[in-house]
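Protein chains in written order, with this note's numbering: chain U, -8 to 266; chain Z, -8 to 266.
Listed below in C-alpha cells is the structure:
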C-alpha cells in the first residue's frame, strides 16, 4: 500500500520549495537503501555514512527524528520490498553560497521499486564500459553528496545494453569505481579496492565487505590501483548496496571467469541484502 | 509589482517536483543576472554561457522559449531593479544517473533584490579571505552548473564581515577565483586572469572584460598563475555580473591601492551594469 511516494519532513508531499539549496547548489547528501519487508538492509552503514557526510558539510539534521520518520514511512508502505531513498538538503535560503543561518535542513524520503536487473548480472557476470569521463580530485571524496554530474555524464556515455556498468578512472588514470558501484579485484587470494581519499563514493556495500573480509579469511589492500593491475587480476567485481555484487567478466580486451572468491563474497552480501 | 517570486516552465509556481534531477544530482545550470528596469544586463553573454553549458551537459532546452518567458517574467515585475536567477534542470526522472529519456528540462525563474553591499566595496576596495577549500580539476570547468559544494564550503569558512570575498586556489595551489567572482591582476599595464580550463566558473563579467580589453588598450594574458604573481601584482580586482568590479586592497600580508586600470575597468563595467 503506497499512500504517497514522497515524504518531506515527515509529511506526504511530492514537491519541494524551489529555493531549496539542494537544488540550487547540490547542497546535501543522499542514501539509496535496499528495503526487504519493512527493514532497511545494511542500515547501520547507511546511517553512519549519512551522519559523517552531514558533519563534513556542516549540515544540521536531527538524525534520530529522521530514523523515526523512516520507520513510519516504511510502515505506511505495508511491507513491500523496494528501494528507499533518503535525501537531506541544507534547506531553503541563505544568501548566495553562504550557508550561514540555514539551520532547517529538509528530509526527503521516497520509495521506488527494486531495479529489475537480469539474474545473469549476478551469476554470469557483466561487461564494463570504459568511460572517458574522469573523476576529479576534490575535498568531497567519499561522500554521497548531491554533486553528481560526473556520474551522470559517465552514465550517459553508453546506451548499448551489452554493458551493465561503466568503469571510471581519475584524472591520473587510476581506477576508482563504477558509475553506481565500487570496484574490487582479486589477485592471489587477496582483495584489492581503490583508495577513495581524493575522489569516488565510499559505498556502503564496499564498507561492509571491507569490514567483513578478515572474518571471511580474505586479506584486503586499499590502495592506488592502475589499469595494469586490473588487467592482471584473477577476478573482478563491482558492488553496491541495492544490487549487491556483480562479477565482471569483460572489460576492453580482458576476459575473466566468475571466480570462487567473488562468488563467496557475492553470496555473503546477498544473505544480508535479502534481509 | 511582484506577482510571484518564482515561475516554473512559464507559470507562477514556487515548488518543484521532488524527483527533479537538479535536486537529485545537481543536473542542471544557472545564471544570476543583474536586471535594470526590465532589461537583463550582459544578456548576450549570459545566454551564450547558458546555451554552451546545456550543450556540454546534453540537456535539451528550448532557449528561445526561455527568452520569451524571461521577457514576460520581467514585465510581470513592473520594471523594478533586481537579480534574475535562471535555473535549468534536466527535469524529472531517469533511472538512476542515466539521463536517457529525460527530454523535458525544467525552467525555473526567480527574482531577488539587488544585494546591498556597501559602496566602499566598489570604491575603497575589499579584503580577500584566504580559503583553504581547494577547487578540484574536473571535466565540468567553466560551466555555472549546479554542483557547487566547493563554493559553499569555501564561503562557509569565514563569518568575519571584514572579508567581503574569499580567494580559492586549485589542488596545485594555483590562483583560480573568488567564491562568487573571478580574479584579475594588473602588472606593468597588462591584465592577467587565471586560466579556467580545469576548474572554476567562466564568469560573464570576466568574459565581458576579456572581450573589451583590447578596445580599452589593455593587453590580457590568461594563464596559470600562482600566489607569488598575486603578491607582486600592481593592482588586484574581482568581478561578477551582479556586483561589477571590486578592487582588492588586502590579502594576507599584501596591501594594494585602488589602481588606475582597476578604476577604469570598474567604471566601464558599471556603465553596462547600470543599463
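Cβ atoms here follow ideal geometry from the backbone N, Cα and C, with glycine treated the same way. Computed from a prediction, not measured in an experiment: that's the story for all the values here.
- The beta carbon of residue 51 (chain Z) sits closer than 7 Å to the beta carbons of 94, 96 from its chain, once the five residues preceding and following it are set aside; these are given in chain order.
- Within chain Z, the residues whose beta carbon sits less than 7 Å from that of residue 143 (chain U) are 16, 18, 88, 90, listed in sequence order.
- The segment 113 to 124 of chain Z and the segment 147 to 156 of chain Z touch, with three or more beta-carbon pairs separated by less than 8 Å.
- Legend: CB atoms of the segment 155 to 169 of chain Z lying less than 8 Å from CB atoms of chain U belong to residues 162.
- Taking the beta carbon of residue 130 (chain Z) as reference, the chain U residues within 8 Å of it are 124, 125, 127, 141, 144, listed in sequence order.
- A straight-line Cα-Cα distance of about 47 Å links residue 135 (chain Z) and residue 206 (chain U).
- Close to chain U, meaning a Cβ-Cβ distance shorter than 8 Å, are the following residues of the segment 100 to 122 of chain Z: 101, 106.
- The C-alpha of residue 233 (chain Z) lies about 40 Å from the C-alpha of residue 38 (chain U).
- Residue 125 (chain Z) is not a Cβ neighbour of residue 0 (chain Z), given a cutoff of 7 Å.
- Take residue 82 (chain Z), set aside five residues on each side of it, and the residues of its chain with a beta-carbon closer than 8 Å to its own are 11, 12, 93, 94, 95, 96, 97, in chain order.
- Under a criterion of Cβ atoms nearer than 7 Å, no residue of chain U is adjacent to residue 24 (chain Z); the nearest Cβ is some 14 Å distant.
- Residues of the same chain with a CB within less than 8 Å of the CB of residue 85 (chain U), apart from the 5 flanking positions on each side, are 12, 91, 92, 93 in chain order.
- Residues of chain Z with a Cβ closer than 7 Å to the Cβ of residue 138 (chain U) are, in chain order, 17, 138, 140.
- Counting only runs that start and end inside the segment 154 to 230 of chain Z, the alpha helix (DSSP H) elements of at least 4 residues fall at 195 to 203, 218 to 222.
- Residue 124 (chain Z) sits in coil when the DSSP states are folded into three classes, being neither helix nor strand.
- With contact defined as three or more Cβ pairs closer than 8 Å, the segment 131 to 146 of chain U and the segment 98 to 109 of chain U are not in contact.
- Taking 7 Å as the cut-off, the beta carbon of residue 9 (chain U) is found no closer than this to the beta carbon of residue 24 (chain Z).
- For residue 63 (chain U), the closest C-alpha among the options U:44, U:2, U:21 is that of U:2.
- Unbroken beta strand (DSSP E) runs of no fewer than 3 residues, entirely contained in the segment 42 to 106 of chain Z, are found at 73 to 80, 97 to 103, following chain order.
- Within the same chain, and ignoring the five residues on either side of residue 236 (chain U) in sequence, the residues whose Cβ sits closer than 6 Å to its Cβ are 228, 230, 256, 257, 260.
- Within the model, the alpha-carbon separation for residue -3 (chain Z) versus residue 102 (chain Z) is close to 7 Å.
- Looking at the DSSP output, residue 2 (chain Z) sits in a beta bridge with Z:-1.
- Residues 98 of the same chain have their beta carbon placed closer than 6 Å to that of residue 57 (chain U), with the five preceding and five following residues left out of the count.
- Between residue 166 (chain Z) and residue 221 (chain Z), the CB-CB gap stays under 7 Å.
- Beta-bridge partners assigned by DSSP to residue 21 (chain U): U:78.
- Take residue 177 (chain U), set aside five residues on each side of it, and the residues of its chain with a beta-carbon closer than 7 Å to its own are 224, 225, 226, 250, 252, 253, in chain order.
- For residue 140 (chain Z), the secondary structure class from DSSP, reduced to helix, strand or coil, is helix.
- With 16 or more neighbouring CB atoms inside 10 Å of its own CB, residue 199 (chain Z) falls in the buried class.
- Within the segment 70 to 89 of chain U, those residues whose Cβ lies closer than 9 Å to any Cβ of chain Z are, in chain order, 76, 78, 80, 81, 85, 86, 87, 88, 89.
- Residue-level contact by beta carbon fails for residue 50 (chain Z) and chain U, as no gap is shorter than 7 Å.
- For residue 13 (chain Z), the enclosing alpha helix (DSSP H) starts and ends at 12 to 16.
- When CB distances to chain Z are screened at a threshold of 9 Å, not a single residue of the segment 55 to 68 of chain U falls below it.
- A Cβ-Cβ contact shorter than 7 Å links residue 213 (chain Z) with residue 184 (chain Z).
- For residue 147 (chain U), the nearest beta carbon of chain Z is closer than 7 Å to its own beta carbon.
- Residue 118 (chain Z) sits in a strand when the DSSP states are folded into three classes.
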